[in-house]
Every structure is written in structure tokens, then in C-alpha cells.
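In this text, residue positions in the sequence shown follow our numbering: the first is 420, and each later residue adds one. Written out below as C-alpha cells is the structure these notes cover.
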Amino acid sequence: MKTYKIALIKGDGIGPEIIDEAVKVLDAVASCCDIEFSYEEALMGGCAYDITGDPLPQETINISLNSDAVLFGAIGGEKWDNLPREKRPESGLLRFRKELGVYANLRPAVVYDELVNASSLKAEVVKGVDLMVVRELIGGIYFGEPKGRDENRGWNTMVYTRDEIVRIAHQAFKIAMTRSKRVCSVDKANVLDVSQLWRDVVIDVSKEYPEIELSHMYVDNAAMQLIRDPRQFDVILTGNIFGDILSDEASMLSGSIGLLPSASVGAKIGVYEPIHGSAPDIAGQGIANPIATISSASMMLRYALGEDNAADKIDAAVKRALKEGYRTKDLAQYDAKEVCSTSEMGSIIANYAAK
Ligand code: IPM
Ligand code: MG
420 MKTYKIALIK
430 GDGIGPEIID
440 EAVKVLDAVA
450 SCCDIEFSYE
460 EALMGGCAYD
470 ITGDPLPQET
480 INISLNSDAV
490 LFGAIGGEKW
500 DNLPREKRPE
510 SGLLRFRKEL
520 GVYANLRPAV
530 VYDELVNASS
540 LKAEVVKGVD
550 LMVVRELIGG
560 IYFGEPKGRD
570 ENRGWNTMVY
580 TRDEIVRIAH
590 QAFKIAMTRS
600 KRVCSVDKAN
610 VLDVSQLWRD
620 VVIDVSKEYP
630 EIELSHMYVD
640 NAAMQLIRDP
650 RQFDVILTGN
660 IFGDILSDEA
670 SMLSGSIGLL
680 PSASVGAKIG
690 VYEPIHGSAP
700 DIAGQGIANP
710 IATISSASMM
720 LRYALGEDNA
730 ADKIDAAVKR
740 ALKEGYRTKD
750 LAQYDAKEVC
760 STSEMGSIIA
770 NYAAK
């Protein structure tokens, strides 16, 4: 039997509640896939700041690097919004990504048939959407130098090197090879020099993937096309800030931000987390939707551990729970047969996954 070491970073707000459900589901599939998990908890975000004075204690980095994968809840909340920037939970998260070298952020947006009416777009526009945003995560304007501000000016720098573009492009092409083999690279090459380099390098890398159909789109047009006709996309390859924005937009196609998982991968350890935030307004009430985190655990099984069979079981269990009409409160008005709490939803999915 194989034992995997998983670092659990529950974080703030609803983080602990949703991670507990993902663990429940992981343990349920473990028992029938001849694998086992050992968990080690680590602190990050506002809760880490409260205890240690640092939103990302070194111990958390050590525990993470010493595990097979990191399962992450969510961080942040109003309580810490007025701290100096380097003490804020978000700074901890950015530093964490950088320290772990997770340069590729994979954010799928899938529309479940059962929830096609939950989207704010028309059912006929979103039905069947299944796309993946591949966002560069540790470069671009988030990290570029120089940056700073004084009384009258604030500045950041969007910079990409050839090597940074090459590695993220390979990720996108490799993922596309397992899907419908289409990549749309999103940039602003009509205006930005950094985007012109991005486009040239993506074209160079694409020569190693002759089966892939590569297209290019400016980011403003991509934002429009995502709403006009989202089914035209398979893999969207883009830089850090464009990917931040487009992945939030894409998440809404599915109706609830509580449904979508993500994976951040690189040369070392991967981080698996829901794409939503810590939702402090509903924390502790047992109403958060755990599906995004449970699906993140499934991505972890697939991408970090190579346990595709266990991942398939979780994905099927999530679909079945939705199909049978189980809904957490966020989706209660969409064909709910039964409205359930966070932990009831976790138990239902765990139960299906174990079969
Ligand atoms: C995300 C978030 C983060 C980002 C914030 C919290 C720093 O919006 O993961 O998309 O901008 O990357
Ligand atoms: Mg974001």
C-alpha cells in the first residue's frame, strides 16, 4: 500500500470547513484504491499572522516542501485588510507560490449539465463548456521590478523572460494534448512589448507540438469571447494578471464559484486549492460549498500522485451528488431535491466515491 504525505493548509474563513470535507472524501477513496494518506497541518494567512506575526511562517514552507502535495483551503479576511502589505495574507500566498516554484496555475471551468441554469448566462451559451485556463503564476507584473510608490506615482513592471514563457507554454501544450488539442494564447501584443515576446516564444514552442491547433487572441477580445461563445475555448494560455482576471470570469460560466478547483504546479510540489476565497461572511455556518475543494483534491490525485483511478471516482461522485439533486445553499434554487450542509455534502460525495 502506498502512503502519500499531504500538507494541509486550512487557512482562514471557510478554509477549515471545506478542507475537512476534502479529507473525508480522500480517506473514503483511499480505502478502496489501496492507498493511504498521512496529513500534516501548516499555518498560513491571517491565522498564521495572529499566531506567529507572519502570514507565511518558514515552517509552513518546510512542511510543504517535505510533502507529496499541498491541499490548500483559503486565506484572508477583512480583519487583516489594514495590515501593512507584507503582513497581509495575500502577500503570504504570493511568497508561497514563489518559494514552491509553482509557475503553472491550472484553472478548469466546467459547466455541469445539472446546473446549466445556475449560470448568469443563457443555458444554450454555456451548456457543455469545458475549458482550462493555464495561467503563469510566479512572473509578470505581480513580481516584476522595479515597483514602488511615492506620494504621486505608483509603478509596477510587466516582465517575462524567454525561459518563463517556454516552460508555461510547454505546460499548456501538454495539457492540451490530453484534451481537444487546441490552445488559445491570450496577450496584448498590439500594445505591449512583453506580449510580443510572449507571442513569438509561444509560436516557437508550438513547433514541438504539431498536433496542436494554436491561436492567439488579445486579452480584451478574449474577455468578450468568453461570454459570447465560451465553447470555442479548450486551453487558454496566458500570463499572470490576464489569467487572474480571465479565470474569475470563466468561473462564473459554471454558476457558482464554489464549484471550481485549481492546481498550481511547477518543478517541485504542487498546490491544490479551490479558486474561491475564504468567504468570512459565511464562515462557521456550515453552508459553504465544499465541491471546489473536493475537486481540488481530485486534481491533486491526478496531477501530483498519478492516482487517476481515485480521481475518477471523486469526479464521478461529485457529478452523481449534483445529478441526484443535492445542493448546498449557494445552489439551492437550481433543481435541488435536498439542500444540505457543508458536511452533509462531503459525506454524500465520500459515500459515493467509496463505491
Ligand atoms: C487568485 C487570487 C490571488 C491572485 C490574490 C489573492 C493574491 O486573486 O489566486 O486568483 O491575484 O493571484
Ligand atoms: Mg484571482
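Beta carbons: idealized from backbone N, C-alpha and C, even for Gly. On a predicted model such as this, the values are computed, not experimentally measured, just so you know.
Note that the C-beta distance between F491 and I428 is below 9 angstroms. Rounded to whole angstroms, the gap between the alpha carbons of G744 and E757 is 6 angstroms.
A direct Cα-to-Cα measurement between D663 and R554 gives close to 7 angstroms. Between G705 and S766, the C-beta spacing is not below 9 angstroms. In the pairwise beta carbon analysis, the region 477 to 489 is classified as touching the region 454 to 466: at least three pairs are separated by under 8 angstroms.
A heavy atom of the ligand IPM is found nearer than 8 angstroms to the CB of L512.
DSSP, read as helix, strand or coil, puts H589 in helix. Remark: fewer than three beta-carbon pairs, one from each stretch, lie closer than 8 angstroms, so the region 522 to 535 and the region 488 to 503 are not flagged as touching. The three-state reading of DSSP puts D582 in helix, counting H, G and I together. Between K687 and G520, the CB-CB gap stays under 9 angstroms.
With a minimum length of 3 residues, the unbroken runs of beta strand (DSSP E) contained wholly in the region 500 to 588 fall at 523 to 529 and 549 to 555. T471 and I594 have their C-alpha atoms spaced approximately 39 angstroms apart.
Counting along the chain, C603 sits inside the beta strand (DSSP E) bounded by residues R601 to D606. In the DSSP assignment, A772 falls within the alpha helix (DSSP H) that extends over T761 to A772. In this structure, the ligand MG has a non-hydrogen atom nearer than 8 angstroms to the beta-carbon of S666. Taking 9 angstroms as the cut-off, the Cβ atoms of G685 and A723 do not count as close. Closer than 8 angstroms to some heavy atom of the ligand MG: that describes the Cβ of D663. Exclusion of the five residues before and after G559 leaves M577, Y579, G658, N659 and I660 as the residues of its chain whose Cβ lies within less than 7 angstroms of its Cβ. Non-local beta-carbon contacts of T422 in its own chain, meaning distances under 8 angstroms to residues more than five positions away in sequence, involve I454, E455, F456 and S457 in chain order. Within the model, the alpha-carbon separation for P709 versus I494 is close to 15 angstroms. Residue environment analysis places W617 among the buried positions, since at least 16 neighbouring C-beta atoms fall within 10 angstroms of its C-beta. Annotation for F661: the continuous alpha helix (DSSP H) segment containing it runs N659 to S670.
Within a 10 Å sphere around the beta-carbon of R746 sit 16 or more other beta-carbons, which makes this residue buried. In the three-state scheme derived from DSSP, where H, G and I count as helix and E and B as strand, A682 is classed as strand.
Per the C-alpha coordinates, the member of A669, P565 and P629 positioned closest to D648 is A669.
For Y691, the pairing in a beta bridge is given by DSSP as L490 and A682. Taking each of D439, L512, C451 and Q752 in turn and checking the Cα distance to Y468, the smallest one comes out for L512. For A716, the enclosing alpha helix (DSSP H) stretches over residues I710 to M718. For I428, the uninterrupted beta strand (DSSP E) run begins and ends at K421 to G430, by DSSP. DSSP places L633 inside the beta strand (DSSP E), whose first and last residues are E632 to Y637.
Not one heavy atom of the ligand IPM sits closer than 8 angstroms to the Cβ of G563.
Under the 8 angstroms Cβ criterion, the region 599 to 608 counts as touching the region 638 to 656, having at least three qualifying pairs.
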